[in-house]
Structures are given as structure tokens and as C-alpha cells.
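To start, the structure under review is shown below, and the notes come after it.
2 protein chains.
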Amino acid sequence: MKNKIKIHRAIHNLTQEELANKICVSRQTINTMESGKYIPSTALSLKMAKLFGVTVEELFQLERGD
Amino acid sequence: MKNKIKIHRAIHNLTQEELANKICVSRQTINTMESGKYIPSTALSLKMAKLFGVTVEELFQLERGD
DNA sequence: ACTTTATGTAAAATATACTTTACATAATGA
DNA sequence: TCATTATGTAAAGTATATTTTACATAAAGT
Numbered sequence: 002m003k004n005k006i007k008i009h010r011a012i013h014n015l016t017q018e019e020l021a022n023k024i025c026v027s028r029q030t031i032n033t034m035e036s037g038k039y040i041p042s043t044a045l046s047l048k049m050a051k052l053f054g055v056t057v058e059e060l061f062q063l064e065r066g067d
Numbered sequence: 002m003k004n005k006i007k008i009h010r011a012i013h014n015l016t017q018e019e020l021a022n023k024i025c026v027s028r029q030t031i032n033t034m035e036s037g038k039y040i041p042s043t044a045l046s047l048k049m050a051k052l053f054g055v056t057v058e059e060l061f062q063l064e065r066g067d
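Listed below in C-alpha cells is the structure:
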């Protein structure tokens, strides 16, 4: 799974902590998600996509292997 | 989280087991997901949405509270 | 009546998401 | 130079997703 969280966070000019607060998770969840260390729940990806005004598909992309 | 898995599964005329095989999870994962007992990973929802030819947003909807 | 197919459900085990706490670093401004 | 802000990272703990196995039921066909 690749993701564009960092990009959309930059577009919206949010720190990791601000984004974390907006979707009610810890900063580390954002940090580790951003660096692709785990795959978030559908609830989280829906919340982020909604916040950024994009689809989940725009924010997260499957790679061969997952 | 509400979902429309059962509906799209019906549209594509797949049993729970067939769907499970197609996205490489157990039948119980489909069954419990369908009945809303837990929120799947983003990888799973992306795979299902792709298979059904819809967006994750069409397949899963946030409710107040999650 | 019997078998098969699809589904619901449940309990125990395992894998993984997510939290909390903490420390390190680089950049910025007082 | 000191304090602050944003980020990276890591370890331990908790919550939850997912698997495996198993049993029950209803529907459909023989």
C-alpha cells in the first residue's frame, strides 16, 4: 500500500498532530501511516479522504503483493 | 460503519465463499464484515471496491459515532 | 428422507492496528 | 544560545481484525 497522506497534508497545511486531532487518532498513527508502516482501517481512510476532499482510492493505492 | 457488501455481492452473483477467495480472506471475514461486526482494513475495502467496480465510499459509509 | 449448498454464529488463537510514553534531531525565532 | 515546533523512531501495552475450526439451519434437488 502506497499513500499520499503527506502530500494532501501539505496541501491543507496541517501538521501531523493537527491532522491526528481532526480525525481523532494519535500523532504516531499519522506518522507511521504516512511512512507506510501499516495499513489503516477503512474508517480512518474514509475520514482522511473526506477531510481532504478526495476519494480513498486517490489517497491509498494497492501495490502488487497486498 | 454501514456497508453494501451484500448488495454488490448479489449484483455480481457471488457466494460469501467465492468473494472470500477472490480477495484472499476467509469466509468468516466476509460474513462478519457483511453483518457490520467489524471495520475491515483499507486494503480489503480497496480490493472489494475494485472487484465490484465501485469506490470505497460507495461500498462503506461512515456513521455518526465512528 | 438424504445430501448438498449457502449462510449465521461462536470460541480460541494469532496478527496487526493503534495508543502511550519517551527520546532524538533539525529548523526557527527570541 | 535557549526555547519551541515539527518530525522520526522505538518499545510496550491494549484493542481489534482476521483465521481456523466447528456446529446449526434453511433451501433445493435427488
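First to last, the protein sequences are chains X and P.
Note that this note's numbering has the first sequence beginning at 2, numbered continuously upward.
Note that this note's numbering has the second sequence beginning at 2, numbered continuously upward.
Just so it is clear, CB atoms sit at the ideal spot from N, CA and C, and this is done for glycine as well.
Owing to the predicted nature of the structure, the values given are computational and were not obtained by experimental measurement.
Just verifying my parser: in three-state terms, what is the DSSP assignment at residue i?
i: residue 4 of chain P; result: strand
i: residue 42 of chain X; result: strand
When you compare each of the options to residue i by their alpha carbons, which one comes out closest?
i: residue 36 of chain P; options: P:23, P:17, P:24; result: P:17
i: residue 23 of chain P; options: P:61, P:8, P:53, P:38; result: P:53
i: residue 62 of chain P; options: X:14, X:42, X:15; result: X:42
Using the Cα positions of residue i and residue j, report the straight-line distance between them to the nearest angstrom.
i: residue 48 of chain P; j: residue 51 of chain X; result: 19 Å
i: residue 45 of chain P; j: residue 67 of chain P; result: 18 Å
i: residue 20 of chain X; j: residue 12 of chain P; result: 37 Å
Let me confirm a value: residue i is counted as buried when at least 16 other C-beta atoms fall within 10 Å, else exposed. Which label applies?
i: residue 40 of chain P; result: buried
i: residue 9 of chain X; result: buried
i: residue 33 of chain X; result: exposed
Three-pair Cβ contact test at 8 Å for the stretch 12-28 of chain X versus the stretch 11-30 of chain P: At 8 Å Cβ cutoff, the stretches do not touch.
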